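All letters in the sequence shown, in the order written, are residues 1 to 131 by full-length UniProt numbering.
Please read the structure below before turning to the comments.
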Amino acid sequence: MSAVDDQLELARTELDRVDPLRANRLREEGAVFIDIRPLANRAEEGEIPGSIPVERIHLEWRLDPHGEHRIDGFTEHSTVIVLCNEGYASSFAARDLKRVGLTHATDLIGGFRAWRAAGLPVRDGGTPAIP
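In structure tokens, the structure reads:
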């Protein structure tokens, strides 16, 4: 196993990861989806309705529940589900959000592609990320 695989496995031990069906139930209960995929992927494949695109380089600053650059409406109690294409980068991102104080951060198993394959709602993509 490679070093990055070891780190991924370790990151996932800190998360209560969710599959697409559970993620959708959480979304219906008010969880916020954060889409860290590049714009090209969002434009080509679509987006989950209501998801908020945030580039990975801005993620911790926009979601730090006590930071001055955070997106309005987030607290340390917010349920946040991070998604990427297939559920790898999102595991690292969700772990890092937990470390800045979002205790209910997790990620979507299989990412956007698993969500779409499950037949869950998708809309046209291309929404600009929050700077």
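For glycine and all other residues, C-beta sits at the position ideal for the given N, C-alpha and C.
A quick note: this is a predicted structure, and the numbers were derived from the prediction, not measured.
Does the Cβ-Cβ distance between residue i and residue j come in under 8 angstroms?
| i | j | result |
| --- | --- | --- |
| S51 | I71 | no |
| A31 | V100 | no |
| A118 | L21 | yes |
| N41 | L120 | no |
| T106 | V18 | yes |
| T127 | P65 | no |
Looking only at C-alpha atoms, which of the options sits nearest to residue i?
| i | options | result |
| --- | --- | --- |
| R56 | M1, E28 and R95 | R95 |
| I130 | L21, R123, H66 and L39 | L39 |
| Y88 | I36, R27 and L26 | I36 |
| A114 | A93, K98, H104 and E86 | E86 |
| D124 | T106, E45, V4 and A93 | E45 |
| I109 | K98, C84 and R27 | C84 |
| G111 | K98, W61, L97 and A93 | A93 |
Pull up the CB-CB distance for residue i and residue j, whole angstroms please, since I reckon it's below 8 angstroms.
| i | j | result |
| --- | --- | --- |
| V122 | E29 | Contact flag wrong, Cβ pair sits at about 20 angstroms. |
| S78 | L15 | With 8 angstroms as the limit, S78 and L15 do not qualify as a contact, their Cβ atoms being about 15 angstroms apart. |
| R102 | L59 | For clarity, residue 102 is Leu in the given sequence; the question names Arg instead. The pair is not a contact, with the Cβ atoms about 10 angstroms apart (cut-off 8 angstroms). |
Please classify residue i: is it buried, with 16 or more other beta-carbons within 10 angstroms of its beta-carbon, or exposed?
| i | result |
| --- | --- |
| V82 | buried |
| G73 | exposed |
| L10 | exposed |
Segments of 4+ residues assigned as alpha helix (DSSP H) that fall wholly inside the region 7 to 74
20 to 28, 39 to 45 and 59 to 63
Kindly provide the ranges of any alpha helix (DSSP H) runs that are 4 or more residues long and lie completely inside the region 67 to 117, ordered along the chain.
89 to 99 and 111 to 117
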